[in-house]
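Start counting the sequence shown at 1; every next residue gets the next number (full-length UniProt numbering). Even glycine gets a Cβ: it sits at the ideal position worked out from N, Cα and C. Note that the structure is predicted; figures quoted are calculated from it, not measured. Beneath this line is the structure, given in structure tokens, with notes to follow.
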Amino acid sequence: MLASDLKNDTVLADPIDRLVSAYRPDYALERPFYLDPAIFERDMERVFFRHWHCLAHESVIPNPGDFEVFKLGSEAVILTRGADGSVHALLNLCRHRGAEVCTKEKGNAKAFVCPYHAWTYGNDGALKAARLMPKDFDRQAHGLKKAHVRVVEGLVFISFAKEPLDFSEVEALLHATCGQYGWANARVAHRQSYVIDANWKLAVENYVECYHCGPAHPEYSETHALEQPLHMIEELNAAMEARTCALGIEIGSGNHWQSSACGKETIHAFRYALYDGVKTGSKDGQPLSTLMGRFTDFDGGVTSIHLGGTSFLVCYADHGMIYRFIPKTVDTCEMELIWLVDGKAEAGVDYDFEKLTWLWRVTTDEDKAIIEHTARGVRSHFYEPGPIAPMEQNELRYINWYLEEISRP
1 MLASDLKNDT VLADPIDRLV SAYRPDYALE RPFYLDPAIF ERDMERVFFR
51 HWHCLAHESV IPNPGDFEVF KLGSEAVILT RGADGSVHAL LNLCRHRGAE
101 VCTKEKGNAK AFVCPYHAWT YGNDGALKAA RLMPKDFDRQ AHGLKKAHVR
151 VVEGLVFISF AKEPLDFSEV EALLHATCGQ YGWANARVAH RQSYVIDANW
201 KLAVENYVEC YHCGPAHPEY SETHALEQPL HMIEELNAAM EARTCALGIE
251 IGSGNHWQSS ACGKETIHAF RYALYDGVKT GSKDGQPLST LMGRFTDFDG
301 GVTSIHLGGT SFLVCYADHG MIYRFIPKTV DTCEMELIWL VDGKAEAGVD
351 YDFEKLTWLW RVTTDEDKAI IEHTARGVRS HFYEPGPIAP MEQNELRYIN
401 WYLEEISRP
């Protein structure tokens with residue numbers, strides 16, 4: 001059922017469904033969508049726990065036994081690499097009394113021992129020992145619970161859903177995009193988290209539109225043509241594609257932005273140009289690191305990927321970015337930025353850390369400020385949703401998708 005179809009119902013007993021039904025097309029969301037704890041709980045149930053999330057690049061756990069704990073909302077996930085090299089996402093709660101079994105943020109371990117009663121689990125989640133339990137106790141039935149895992153082009157995705165959404169279209173498009181940039185052989189150069197005093201949707205809505213780029217991101221707008229309406233950069237985009245083609249590279253794109261009603265995960269990959277003479281996303285437009293993947297020269301382009309509602313990827317010829325949005329509470333969220341470089345690139349030799357991270361640190365500092373400005377405004381009793389501008393077409397698409405998701409049980 002589309003969110004708009006709810007208007008055909010004569011009586012809507014649920015107050016959230018009534019809000020969805022009353023949504024004014026082509027406008028921003030009403031105040032309660034950002035402030036109501038009940039809506040936040042539904043967001044978690046019907047969006048966050050239904051869709052796939054990019055958790056990390058697998059280079060953060062390169063060796064058997066390596067692990068790192070990730071916190072997503074109220075959940076904690078232990079990302080581990082087993083002895084056979086396989087990747088697991090274990091929920092960090094003992095199957096006995098629910099205590100956290102892993103109390104360190106990261107490290108290397110052959111097993112996790114619960115600090116409460118010493119139940120012991122392998123790094124694949126299997127219960128190895130449960131002291132003083134009866135002889136007929138079934139250890140196999142009490143391993144750590146797991147999230148579903150897919151590793152594609154070095155990216156680790158997880159889903160909390162009992163039956164996860166089909167990932168095949170996502171996987172194919174990631175091979176056609178990140179695969180061309182060599183992300184499977186990349187490594188993490190830096191990670192930085194930003195705590196945002198705003199509802200998570202305000203942060204995502206800000207990310208997906210570039211109407212604000214000109215006034216809010218002068219540094220980004222110096223080099224990235226996306227700060228202009230699409231019809232004004234068609235020639236720049238065509239020239240970019242010609243350069244990419246001349247390198248013998250074909251980078252995929254595709255719009256599979258769809259609701260979970262079809263049983264498939266949502267993804268949209270698109271490309272846009274940097275301004276003439278700009279090679280990559282840097283302060284001066286000049287190279288930041290060694291070329292990646294199939295690139296033998298710079299094409300002056302960017303590949304952008306929106307995936308699953310909380311995960312966003314940015315590909316340049318010499319580095320990449322992962323943007324993760326993590327709901328925390330009704331009025332707080334977190335953004336994590338992950339910088340990728342070629343797996344063989346060395347800090348201080350092949351790239352300068354400050355130059356590599358400059359653009360997206362500056363841009364995200366600015367984003368944090370404007371998102372929190374918006375959050376404070378939305379809290380006003382006099383807030384009234386305004387119309388979505390033409391350059392905010394991706395925000396409007398996201399709003400409509402979100403409303404449909406929370407309308408579906």
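Give me the Cβ distance between residue i and residue j, rounded to the nearest whole Å; I'm assuming they're in contact under 8 Å.
i           : j      : result
Ile16       : Ile406 : 7 Å
Gly301      : Arg324 : In fact, because the Cβ distance is near 23 Å, the residues do not count as touching under 8 Å.
residue 417 : Leu274 : Beyond the ends of the chain as shown, which are 1 and 409, falls residue 417; an answer cannot be given.
Ile267      : Glu169 : 6 Å
Leu79       : Lys145 : Their Cβ separation, rounded to whole angstroms, is 14 Å, which puts Leu79 and Lys145 out of contact at 8 Å.
Ile249      : Phe295 : 7 Å
Leu12       : Pro32  : Their Cβ separation, rounded to whole angstroms, is 15 Å, which puts Leu12 and Pro32 out of contact at 8 Å.
Val208      : Tyr398 : 5 Å
Gly252      : Ala269 : 6 Å
Glu334      : Lys328 : 6 Å
Leu340      : His319 : 6 Å
His57       : Gly308 : Not confirmed; about 16 Å, so no contact.
When you compare only the Cα positions, how much space is there between residue i and residue j?
i           : j      : result
Thr10       : Phe137 : Annotation note: pLDDT 46 at Thr10 (below 50); position unreliable, coordinate value reported separately. Straight-line Cα distance between these residues: approximately 54 Å.
Ile61       : Leu132 : 33 Å
Thr290      : Ala99  : 45 Å
His51       : Asp299 : 33 Å
Pro25       : Cys262 : 23 Å
Leu72       : Ala246 : 42 Å
Ile371      : Leu55  : 23 Å
Val314      : Ser304 : 5 Å
Lys110      : Trp360 : 37 Å
Ser260      : Asp166 : 9 Å
His175      : Asn255 : 15 Å
Val101      : Gly179 : 36 Å
residue 473 : Ala186 : Residue 473 is absent from the structure shown; the chain starts at 1 and stops at 409.
Ser221      : Glu227 : 6 Å
Gly285      : Ala161 : 42 Å
Pro164      : Glu265 : 9 Å
Asp365      : Glu171 : 31 Å
Tyr27       : Arg97  : 47 Å
Thr374      : Pro409 : 30 Å
Ala38       : Arg46  : 12 Å
Asp152      : Ser21  : Looking at the sequence provided, one finds Val at residue 152 rather than Asp. Those two C-alpha atoms are separated by around 38 Å.
Pro215      : Ala184 : 36 Å
Leu230      : Cys94  : 51 Å
Tyr351      : Leu173 : 29 Å
Gln258      : Ala238 : 27 Å
Met1        : Glu205 : Low local confidence applies: a pLDDT of 43 at Met1 is under 50, so the model's placement there is unreliable, with the coordinate-based value given in what follows. One C-alpha to the other measures close to 23 Å.
Thr103      : Asn400 : 40 Å
Glu395      : Asn63  : 40 Å
Asp367      : Val378 : 16 Å
Arg353      : Asp297 : Residue 353 is actually Phe in this sequence, not Arg. So the two alpha carbons sit approximately 21 Å from each other.
Gly122      : Lys128 : 6 Å
Glu346      : His381 : 52 Å
Thr244      : Met321 : 20 Å
Leu288      : Lys355 : 7 Å
Glu219      : Ala242 : 26 Å
His88       : Thr177 : 25 Å
Pro387      : Arg42  : 25 Å
Gly277      : Cys213 : 20 Å
Would the beta-carbon of residue i fall within 8 Å of that of residue j?
i           : j      : result
Ala130      : Trp119 : yes
Ala317      : Thr280 : yes
His217      : Thr363 : yes
Gly182      : Asp124 : no
residue 485 : Thr332 : No answer is possible for residue 485: the residues shown for the chain start at 1 and end at 409.
Pro385      : Leu29  : yes
Ser74       : Val188 : no
Phe67       : Val77  : no
Met391      : Tyr211 : yes
Val330      : Phe40  : yes
Gly65       : Asn108 : yes
Cβ of residue i less than 8 Å from any chain C Cβ?
i      : result
Met240 : Note that chain C does not occur in the displayed structure, where there is just one protein chain.
Below 7 Å, is the gap between the Cβ of residue i and the nearest heavy atom of the ligand ADP?
i     : result
Ala13 : Judged by which ligands are present, the structure shown has none, so any question about the ligand ADP falls away.
**Prompt:** Below 8 Å, can you find three or more Cβ-Cβ pairs linking the segment 229 to 244 to the segment 192 to 209?
**Reply:** no
**Request:** Counting only runs of 3+ residues fully inside the segment 257 to 326, write out the beta strand (DSSP E) ranges in chain order.
**Result:** 267 to 273, 301 to 307, 311 to 315
**Item:** Segments assigned beta strand (DSSP E), at least 3 residues, entirely inside the segment 37 to 117
**Value:** 53 to 57, 66 to 72, 75 to 81, 87 to 91, 106 to 108, 111 to 113
**Prompt:** In chain order, which alpha helix (DSSP H) runs of at least 4 residues are fully inside the segment 183 to 256?
**Reply:** 200 to 208, 213 to 216, 218 to 221, 234 to 246
**Message:** So within the segment 327 to 388, which uninterrupted alpha helix (DSSP H) runs reach at least 4 residues, ignoring any that extend past its ends?
**Reply:** 353 to 378
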